[in-house]
Amino acid sequence: MMLKLANLTHTSYIIDNVVVVDPVRNTSYPGHVAIVEGRIDAVERGRAKEASLPIYDGGGLHLAPGFIDIHVHLREPGHEYKETVASGTLAAVAGGFTAVACMPNTNPAIDDPSVVEFILKQAKIAGRARVYPIAAATKGRKGEILSEYHELVAAGAVAVTDDGSPVASAEMARRVMEYAAPLGIPFIEHCEDMAASGEGVMHEGFYSTKLGLKGIPAHSEEVCLARDLLILKSVRGARFHAAHMSTCGSVALIRRAKEDGLPVTAETAPHYLCLEDKDLVTYDTNKKINPPLRGEEDREAMIEALKDGTIDCVASDHAPHAAHEKQVEFNAAPNGSVGLETMFPLLVKHLVKPGHMTLPQALALITNKPAQCLGIPGGTLARGVPADLVLFDPNEEWTVRADALHSKSRNSAFIGHAVTGRVKHTLVDGVSVLPAKVGV
Amino acid sequence: MSEIVYKSTLLDRDAIRRAVKRIAHEIVERNGGVDGLVVVGIRRRGVPLAERIAQYIEQIEGRAIPVGALDITLYRDDFQVVTKQPHVGKTEIKEDITDKIVILVDDVLYTGRTIRAALDELIDFGRPKRIQLAVLIDRGHREFPIKADYVGKNVPTSETELVEVHLDEIDETDEVLLAEKQP
Amino acid sequence: MNTRKHLLGLEGMSAEEITRLLDTAESFKEVSERPVKKVPALRGMTIANLFFEPSTRTRISFELAEKRLSADSVNFTVGGSSVSKGETLRDTAENIQAMKVDMIVIRHSAAGAPHFLAGLLEASVVNAGDGAHEHPTQGLLDMFTLRERWGNFDERKVVIVGDVAHSRVARSNIHGLVAMGVEVVVCGPPTLIPMNIERLGVGVESDLRKALDGADAVNVLRIQKERQAAGLFPSIDEYARVWGVSADALKHAKPDCVVMHPGPMNRGIEIAQDVADGERSVILDQVTNGVAVRMAVLYLCSGGAAIESEEEQTTTEAKTTKGKQVA
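Chains as they are written, first to last, in my numbering: chain L, 1 to 440; chain Z, 1001 to 1183; chain V, 2001 to 2327.
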């Protein structure tokens, strides 16, 4: 008689009767997983036989490495009314994420080891997902003085960025790449030419003209990306990661850079795969995002870029904002959408179901590939790694509802969106971290 | 919508002509001539009737009298009740009606609500010396203390019955029909 | 039959509905010519004029329209956005709702603000101009003025000159005129012509004289001096020389070309003095017609409302013919 996963109490056990999805080997098969002392001991085909360990029933669910989101705004410290490390990691595990990397546009910014340590401590207290802080590339994200990368990395930071805004000057971008190079950490750029964006609030094109909203041109992103790629060419040992890519022009630039052998990686976000500028016709502030939702050809280019590997991975750019901040005029609303709890089912719905890629390929975009981009562990089913796992039903269809989200903020661009695939269990170190009510 | 069944013809072409002509005679007689007379029809079928009355009066007295048209839509009292707004027609009263005798003309007098609205609208155009009411059919069931001065034909009806006036100018035929709504 | 509760824009409005609106406005124009310029149609209705952006003439025009319909109206004039007062637009909306207002006329510097209110409130919402998005009653009154001159919109060409990028008047005119089959050409400095505007069904021509070739009407937009400060064109002088509508430029248009301006005018900049006051100018007719058009809009949006083309009788709706039954 098999035990119920809902009542998981052991640290050494077998999960039987699952479909193992291995994104690294690009395969899936019926099998079982043995976990010993919170680490993966064996992943095998077929049903479990020996009974030296207690056996839990996977109920035919799919089992994969826990998802990893390398672009999340946890808002703590400083904006706890939007999100905290505790609420953000709860949203993460509800979405199947066992690790998140958090952005430094907090208050104070993550430009000091004490802030890194504070976030890691909050994550430990919360006891949900792993948290990898990303440090500010410059002090206070002002683009003037480099942060203390050595101290920050020693405290646990895994990359540097001024995300929320770009490193504005070419000179400073060069210094960031040079100084980060020997530490082996990537510089993550929020690619945007602030003057080109101006007072823009949506993608510049037919729909901005029609809606009478100021446009942000595609070249606002592309000019900054092109600049950084040119700098990257001349900085030995630097690693560059382009955040939230949104335009077909950016895809072309990255494709070219990769052909030239530059050490560049890139991410896009789910909203650039399934929403477009035309979806703003209702002036829904939850769909006000930066970079903005782009045109149809950009969206199609993004899907192609994921298929051919030009864009390495997908990250949510989970950006919580309080209801009162979003319930204002479109111009006045802050940018961003929460995304941790909708990313996985959106990828199933918009990449797997239409046949753009297989389920293991889609999951690679949110497991081993983002881990590689940042150089953090996780995303595999290798023997001996911590048992960070997710069990899900890939076929369950549901509709995103604001009141069902676990994030402290409910500003989802996908409210009312029909999605496919639902997370049922999330394990970190072999321990269930998902509260019972989640997923119901 | 319930079915509407034709029951009988109340007035045919000749009967309408005779009734309108008689009303014209009565107007001239009661007012001792045509001095200060203005005929105002209520849209839509009161307007052609007003024009016909004016023509007959001209034939009788040899003098043209002014004719106006009144659209009472904006003065209706069921505004808060109806869920859709009816079409607004144009009111055309070019004559100053102050101190004139206004002959208000409509096709059917029923509850009196239309006439109430018309009276309200008329006095926004001036202060007539007198307003008289002429209708082709009076079918009873008044809800307001309103009485016609000139009636083409009195027709006792039940509330489920309908009186339909068809005039050449609008309907390309002259007849008054009695119909009934079937439940 | 079209039902309409709100008027947020002219985009997507059919030629049929526009025609009915203009027809209704014609009836209302007559009301403004009566000795008592008032009808009891909206008696008992409360209308809030919510002006987040100063606008004397549009507000007065709406107020007059409301008063002539016997509605009770209140004015809220608020500078800037709701956020600047530390309140959300939702708070503002809910406050108005709590005051049991039946209709809201809103002017706001942010595009989409009327849509936001319409989504939240039970009241009808009439857009009196939102950012650079739409100004539907201005579009309708411009069309009303043109139709008054022309009788219909057949075989006509209208040129819209100026800062099209920032103009809600331009957008509403484009949507309405294109729906009526009018040829529309926009003209101005390329820096003030928004991206892909031709996809709205208009022509784009930066040379004013070429644009005016064969035009039946020219709608001159107000040029905001802050656009020059923002670097979108070099100087007011150059603008006036190249895109200012002068008698000389109008020689390229048809002799009876109508000149419109939504006001307030910068005389001598976007429009020459003699053109503004000339016999082809219908600028004051536009103001007169604005009241009638707004009365029609308020009336039609008031009752949950519909615009009906067929005659409607107070007594019967069905028509009986002898010997036949028509249900």
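Note that the Cβ used here is the ideal one computed from N, Cα and C, for glycine as well.
Using the C-alpha atoms, what's the distance from Z:Ala1148 back to Z:Leu1011? 19 Å
Beta-carbon neighbours of V:Arg2034, restricted to chain Z and to distances below 9 Å: Thr1091, Ile1093, Asp1124 and Phe1125
Suppose the cutoff is 6 Å on Cβ atoms and the five residues either side in sequence are ignored; what does the same chain contact list for L:Leu365 look like? Cys313 and Val314
What is the rounded straight-line gap between the Cα of L:Ala94 and the Cα of L:Ala181? 35 Å
Could one say the Cβ of Z:Glu1121 lies closer than 9 Å to chain V's Cβ atoms, at least one of them? yes
Near Z:Asp1138, which residues of its chain fall below 6 Å by C-beta distance, leaving aside the five closest residues on each side in sequence? Leu1109, Ala1148, Val1151 and Asn1154
Would DSSP call V:Phe2233 helix, strand or coil? coil
Applying the criterion that 16 or more other CB atoms from any shown protein chain within 10 Å of the CB defines a buried residue, is V:Ile2271 buried or exposed? buried
Closer than 7 Å by beta-carbon distance: list the chain L residues that pair up with V:Met2353, in chain order. Because chain V is modelled from 2001 through 2327, residue 2353 of chain V falls outside the range shown and cannot be assessed.
Compare the C-beta of L:His417 with all C-beta atoms of chain V and state if any pair is closer than 9 Å. no
Could you tell me which whole beta strand (DSSP E) segments of length 3 or greater appear in the segment 2165-2253 of chain V? 2183-2187 and 2217-2220
Bridge partners for L:Ser432 per DSSP, in chain order? L:Leu427
Below 8 Å on the Cβ atoms is my guess for V:Met2143 versus V:Leu2298; work out the distance and round it to an integer in Å. 17 Å between Cβ atoms; not a contact.
Measuring CA to CA, which of Z:Val1176, Z:Thr1098, Z:Ile1115 and Z:Ile1057 is closest to Z:Leu1104? Z:Ile1115
Classify L:Leu351 as helix, strand or coil using the three-state DSSP reduction. helix
For the alpha helix (DSSP H) that contains V:Gln2138, what are its first and last residues? Pro2136 to Trp2150
Report the residue from V:His2115, V:Asp2248, V:Cys2257 and V:Pro2189 whose alpha carbon sits nearest the alpha carbon of V:Lys2157. V:Cys2257
For L:Pro133 and L:Thr89, the rounded distance between their alpha carbons: 13 Å
Is there at least one Cβ from chain V nearer than 9 Å to Z:Thr1157's Cβ? no
V:Lys2038 and V:Arg2059 look like a contact to me (Cβ under 8 Å); what is the Cβ gap, rounded to whole Å? So it is not a contact: roughly 19 Å between Cβ atoms.
Between the Cα of L:Pro291 and those of L:Met245, L:His321 and L:Pro263, spot the shortest distance and give me the residue it belongs to. L:Met245
Could you tell me how far apart the beta carbons of V:Val2036 and Z:Asp1124 are, in whole angstroms, since I believe they sit closer than 8 Å? 4 Å
Step through the CB atoms of chain Z and report whether any lies within less than 9 Å of the CB of V:Ala2041. yes
Which two residues bound the contiguous beta strand (DSSP E) that contains Z:Gln1182? Glu1175 to Gln1182
Reducing DSSP to helix, strand and coil, say where L:Ile70 ends up. strand
Given this structure, state the Cα-to-Cα distance separating L:His241 from V:Thr2145, to the nearest angstrom. 58 Å
Say whether chain L places a C-beta atom closer than 9 Å to the C-beta of V:Leu2007. no
Boundaries (first-last residue) of the alpha helix (DSSP H) holding V:Ser2027: Ala2015 to Val2031
Can you check whether the CB of Z:Val1005 is closer than 9 Å to the CB of Z:Asp1164? Reading off the sequence shown, one finds Glu at residue 1164 of chain Z, where the question assumed Asp. Not in contact: Z:Glu1164 and Z:Val1005 (Cβ atoms no closer than 9 Å).
Considering only C-alpha positions, which residue in the set L:Leu230, L:Leu213, L:Pro108 and L:Gly184 is nearest to L:Gly198? L:Leu213
Which word fits V:Arg2147, buried or exposed, when buried means at least 16 other C-beta atoms lie within 10 angstroms of its C-beta? buried
Below 7 Å on C-beta distance, what does V:Ile2197 contact in chain L? Thr209
Cβ atoms of L:His79 and L:Glu267: under 9 Å apart, would you say? no
At the level of alpha carbons, what is the spacing between V:Ser2061 and V:Val2287? 8 Å
From Z:Glu1058 to Z:Ile1065, what distance separates their C-alpha atoms? 7 Å
Just list the residues that DSSP pairs L:Arg45 with in beta bridges. L:Gly31
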